[in-house]
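For the sequence shown, the working numbering gives the first residue as 138, with consecutive numbering after it.
Here the structure is laid out as C-alpha cells; the discussion comes afterwards.
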Amino acid sequence: MYINKDAASRTFFLPSLQHFLSGPILYPTQLKIYRVSAQLCLLPQSGLKMKFSLLLAAAPIASAHTIFTQLTADGKTYAVSYGIRTPTYDGPQTDVNAKNMACNGAPNPTRSSDKIIPVTAGSNVSAVWRHTLESGPGDVMDPGHKGPVMAYLKKVTDAKTDTGAGGGWFKIQEGGYANGQWATNTVISNKGNQVITIPKCLADGQYLLRAEMVALHGARSTNGAQLYMECAQIEVTGGTGTANPKTYSIPGIYKSNDPGLLIDIYSMKTTSAYTIPGPPLFTCS
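Pasting the structure below:
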C-alpha cells in the first residue's frame, strides 16, 4: 500500500468497528487512518480482515458523536451547559438497561448544573446538539449516523438534584424515518436544533427535559445502537394543569431487541416502515 509521507495522521476511536468487520474480533480499539489525496488508507492491525465499507465509514469518524449542549427557550439561547447535565466526553450509551440511560453518565463523565431554565407551557424549545462542547452549528454529528429523535419529560421536586432514574417519564416528541429521511438528519440540517413543543396542558413546576438522538449504523447487532441523551433542568409556567400522562421508567422504556433498536438500516428502502422505540407519544387531549 502506498502512503503519502506528507499526509497528516490522526488516531480515532472506533466504537462500533465490529459492524464493518467479519471474522474474530482481534483488534485494539484504536487504528490509525491516513488521508492520501482523495482516498483514505487504513492500516489494519495483524489478524484483521478489512472490508471496503470500513474505508467508506472512516471518513466522517471525527464528528461521530454528539451532545445536547444548550437549550433555547422563550427566544433565549442559554450558554453551553447552562441548566444541562453535559458530559465532558461525547460518547453514547449502548446498554438500554444501564442506570445512566435517563440523563447520561458513566462511562461519560457528566457534570451537574445548579441552574434552572424557565419555559412557557405551549411554547417551542430547541435542544441544541453539537459534536463537542466547543463545536459550532456546522459540526453536529456525522450524517452517516442515522436514526430516530425523541424527547421526554419528568416532573420532579428539584430538577437540580433528581437523578432522573426511575419512573415518571413520558414522551412528548418523536421523529423516525419517512421518505428516505431520518430524523437525525433533519436535526443536522437544522444546524443541530431539535425543536420540541412543551405541552400546554402541563402542570406548572420543575421538570427534567430529556432530549435524545439514536444512531443506528451499528444496530444490526445487539447493543449496537448508540443512544445519546442529556437532561435539561426546566421550570414550566403557564400550563393548564390538565395533563395526566401515563408515565414510564428509565431504564425500562427500551429493550435491546426492540425493532427500532435492533435493525439493519442499510437494507431499508425509501418506503420502508420504521418503528420508533419507546412508549407512545403523549399529547394534550
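Idealized CB from N, CA, C, for every residue including glycine.
Cα-Cα separation between residue i and residue j, rounded to whole angstroms
| i | j | result |
| --- | --- | --- |
| Asn261 | Gly301 | 22 Å |
| Thr247 | Thr408 | 39 Å |
| Glu271 | Trp306 | 30 Å |
| Leu346 | Tyr403 | 32 Å |
| Pro161 | Trp266 | Bear in mind that the predicted position of Pro161 carries a pLDDT of just 34, short of 50, making it unreliable; the figure below should be weighed with that in mind. Distance between the alpha carbons of Pro161 and Trp266 is about 35 Å. |
| Thr321 | Asn245 | 21 Å |
| Ser183 | Gly220 | Annotation note: pLDDT 40 at Ser183 (below 50); position unreliable, no value reported. |
| Ile253 | Pro274 | 24 Å |
| Phe157 | Asn381 | In this prediction, Phe157 scores a pLDDT of 38, lower than 50, which makes its location untrustworthy; the coordinate-derived value is nonetheless stated afterwards. Cα-Cα distance, rounded: 45 Å. |
| Gln310 | Ala216 | 23 Å |
| Thr420 | Pro336 | 7 Å |
| Thr257 | Cys338 | 11 Å |
| Ala239 | Thr374 | 24 Å |
| Gln230 | Glu372 | 27 Å |
| Tyr289 | Glu349 | 8 Å |
| Thr384 | Gly304 | 7 Å |
| Ala210 | Thr334 | 10 Å |
| Gly355 | Asn394 | 14 Å |
| Ser422 | Thr379 | 9 Å |
| Asn327 | Ala235 | 30 Å |
| Gly259 | Thr377 | 10 Å |
| Asp232 | Ile390 | 12 Å |
Extent of the continuous beta strand (DSSP E) to which residue i belongs
| i | result |
| --- | --- |
| Asn322 | That residue, Asn322, is in no beta strand (DSSP E); its alpha helix (DSSP H) goes 320-326. |
| Ala264 | 261-267 |
| Glu372 | 363-374 |
| Gln207 | 204-210 |
| Ile400 | Counting along the chain, Ile400 falls outside any beta strand (DSSP E), and DSSP gives it neither H nor E. |
| Val293 | Looking at the DSSP string, Val293 is not in any beta strand (DSSP E), and its letter there is neither H nor E. |
| Thr257 | 254-257 |
Best match in the options for proximity to residue i [C-alpha to C-alpha]
| i | options | result |
| --- | --- | --- |
| Met405 | Gln318, Gln363, Ser218, Cys338 | Gln318 |
| Arg222 | Gly242, Lys383, Asp401, Gly284 | Gly242 |
| Leu364 | Gly228, Ser326, Lys252 | Gly228 |
| Ala352 | Thr384, Ile400, Lys337, Thr379 | Ile400 |
| Lys213 | Pro255, Met238, Thr225 | Pro255 |
| Gly313 | Gln331, Gln343, Thr298 | Gln331 |
| Ala369 | Val293, His202, Val277, His268 | Val293 |
| Pro280 | Lys308, Tyr385, Thr203 | Thr203 |
| Tyr344 | Thr209, Asp295, Ser326 | Asp295 |
| Pro396 | Ser386, Thr359, Ala315 | Thr359 |
| Met287 | Asn237, Thr377, Glu367 | Glu367 |
| Thr225 | Asp341, Lys236, Ser249, Asn234 | Ser249 |
| Gln207 | Asn237, Gly259, Asp232, Ser263 | Ser263 |
| Asn316 | Pro416, Pro414, Ile325, Ala410 | Ala410 |
| Ile413 | Ala340, Val277, Lys283 | Lys283 |
Residues that DSSP places opposite residue i in a beta bridge
| i | result |
| --- | --- |
| Glu311 | Met287 |
| Leu353 | None; Leu353 has no bridge partner. |
| Asn330 | Val265 |
| Gly303 | Ile387 |
| Tyr344 | Lys292, Ile371 |
| Lys213 | Ala210 |
| Leu418 | Lys308 |
| Thr247 | Pro224 |
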